[in-house]
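Peer 1:
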Amino acid sequence: MNRYFVSETGESSEKRARTDNNLAYDDIESDPARRKPINEYDPRRRDDIRRKYVQMGPCRPLSYVFPPTQCGENMRSFQISWFHNREWVEYSISKDTAFCFWCYLFGERRVGEQVFIKNGFKNWKKAREKFGEHAGKEGSIHNNARILYFGFIDQRQSVTKKLSLEECYKKIVIGK
Numbered sequence: 001m002n003r004y005f006v007s008e009t010g011e012s013s014e015k016r017a018r019t020d021n022n023l024a025y026d027d028i029e030s031d032p033a034r035r036k037p038i039n040e041y042d043p044r045r046r047d048d049i050r051r052k053y054v055q056m057g058p059c060r061p062l063s064y065v066f067p068p069t070q071c072g073e074n075m076r077s078f079q080i081s082w083f084h085n086r087e088w089v090e091y092s093i094s095k096d097t098a099f100c101f102w103c104y105l106f107g108e109r110r111v112g113e114q115v116f117i118k119n120g121f122k123n124w125k126k127a128r129e130k131f132g133e134h135a136g137k138e139g140s141i142h143n144n145a146r147i148l149y150f151g152f153i154d155q156r157q158s159v160t161k162k163l164s165l166e167e168c169y170k171k172i173v174i175g176k
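The sequence shown maps to residues 1 to 176 in UniProt numbering.
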């Protein structure tokens, strides 16, 4: 059976793995307007990409001076206070728009639901109202993405917790 397979040298498989990692992580973009959609990544790499984004967290340029935009007769701009109590809100400096971090990572791609994932939101006059509408009720796309996001984080914490419990067990029961 082995005669049908060409074996890879250790060096070439390491090089391929490094290349795969570089390709994946070179695409990581902090600005949400410039990000490649999650569903365009190789399905085998998506969780790795999500982990990297979770590690970085949402894009929140806290020291940035948000530019004013003409809204009717008034000038309005993104408000830093909108980050409070909205863990999911992130801001794109390049497009002066708001995005949903959770929906980017885990949201369903539906027509008409792209404003907080792909296009960005910029109607600052109605921001609080639209943020509330986006969050929606139980079962909304956003809330499903929220559940998936926290499940993804808990999954990582559970492994760490389990490993520390195993270490305690070894110390107590086995005496190591």
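All C-beta atoms, glycine included, are put in the ideal place defined by N, C-alpha and C. Quick caveat: nothing in here was measured; it's all calculated off a predicted structure.
1) Under 8 Å, with one C-beta from each stretch per pair, do the segment 68 to 83 and the segment 39 to 51 reach the 3-pair mark?
2) Helix, strand or coil for Arg60 per DSSP?
3) Give me the Cβ distance between Ser92 and Ala33, rounded to the nearest whole Å; I'm assuming they're in contact under 8 Å.
4) How many angstroms separate the CA atom of Ala98 from the CA atom of Ile153?
5) Between the Cα of Arg109 and the Cα atoms of Glu87, Phe131, Gly132 and Ser140, which residue gives the shortest distance?
6) In the DSSP assignment, find the unbroken beta strand (DSSP E) run with Tyr91 in it and report its ends.
7) Check Arg46 in the structure and name its three-state DSSP category.
8) Taking the beta carbon of Gly132 as the centre, do at least 16 other beta carbons fall within 10 Å, making it buried, or is it exposed?
9) Look up Phe66 in the DSSP assignment and say whether it is helix, strand or coil.
10) Contact defined as beta carbons within less than 8 Å: I believe Pro68 pairs with Arg76. What is the distance between those atoms, to the nearest angstrom?
11) How should Arg146 be labelled, buried or exposed, when 16 other C-beta atoms within 10 angstroms of its C-beta is the threshold for buried?
12) Closest to Tyr149 by CA distance: which of Gly57, Lys95 and Gln114 is it?
13) What's the call for Ile117, buried or exposed, on a 16-neighbour Cβ count within 10 Å?
14) Apply the 10 Å Cβ neighbour rule to Val89 and answer buried if 16 or more other Cβ atoms are within range, or exposed otherwise.
15) Note down, in chain order, each residue of its chain lying with its Cβ closer than 7 Å to the Cβ of Asp31, except the 5 sequence neighbours on either side.
16) Pull the bridge partners of Cys100 from the DSSP assignment, please.
17) Tell me whether Arg76 sits in a helix, a strand or coil according to DSSP, three-state version.
18) From Asp47 to Arg128, what distance separates their C-alpha atoms?
Peer 2: Let's see:
1) The segment 68 to 83 makes no contact with the segment 39 to 51: fewer than 3 CB pairs, one atom from each, lie closer than 8 Å.
2) Numbered from its first residue, the sequence shown carries residue 60 at position 60. Reduced to three states, the DSSP call for Arg60 is coil.
3) If you number the sequence shown from 1, residue 92 lands on position 92. If you number the sequence shown from 1, residue 33 lands on position 33. About 4 Å separates the two Cβ atoms, so the contact holds.
4) In the sequence shown, the residue the question calls residue 98 occupies position 98. In the sequence shown, the residue the question calls residue 153 occupies position 153. If I take the Cα positions, the gap works out to 23 Å.
5) The residue labelled residue 109 in the question sits at position 109 within the sequence shown. Residue nearest to Arg109 within the set Glu87, Phe131, Gly132 and Ser140 is Ser140 (criterion: CA-CA distance).
6) Along the sequence shown, read from residue 1 onward, the residue named residue 91 stands at position 91. Run containing Tyr91: Val89 to Ser92, per the beta strand (DSSP E) assignment.
7) Taking the first residue of the sequence shown as position 1, residue 46 is located at position 46. Helix, per DSSP.
8) Numbered from 1 along the sequence shown, position 132 holds the residue referred to as residue 132. When all chains shown are included, Gly132 counts as exposed.
9) Position 66 of the sequence shown, counting from 1, holds the residue named residue 66. Coil.
10) If you number the sequence shown from 1, residue 68 lands on position 68. If you number the sequence shown from 1, residue 76 lands on position 76. Arg76 and Pro68 do touch by the CB rule: their CB atoms are close to 6 Å apart, below 8 Å.
11) Residue 146 sits at position 146 when you count from the first residue of the sequence shown. Under this definition Arg146 is a buried residue.
12) By one-based count along the sequence shown, residue 149 stands at place 149. Here the closest residue by C-alpha is Gly57.
13) Counting from 1 along the sequence shown, the entry for residue 117 is found at position 117. Ile117 should be labelled buried.
14) Walking along the sequence shown from the start, residue 89 turns up at place 89. Under the 10 Å beta carbon count, Val89 is surrounded by 16 or more other beta carbons and is classified as buried.
15) As a working note, residue 31 is residue 31 in the sequence shown. The residues are Cys59, Ser92, Ile93 and Ser94.
16) The sequence position of residue 100 within the sequence shown is 100, counting from 1. The secondary-structure analysis by DSSP pairs Cys100 across a beta bridge with Val89.
17) Within the sequence shown, numbered from 1, the residue matching residue 76 stands at position 76. Assignment of Arg76 by DSSP, reduced to helix, strand and coil, places it in the strand class.
18) For this step, residue 47 is matched to residue 47 along the sequence shown. For this step, residue 128 is matched to residue 128 along the sequence shown. Cα to Cα, Asp47 sits roughly 31 Å from Arg128.
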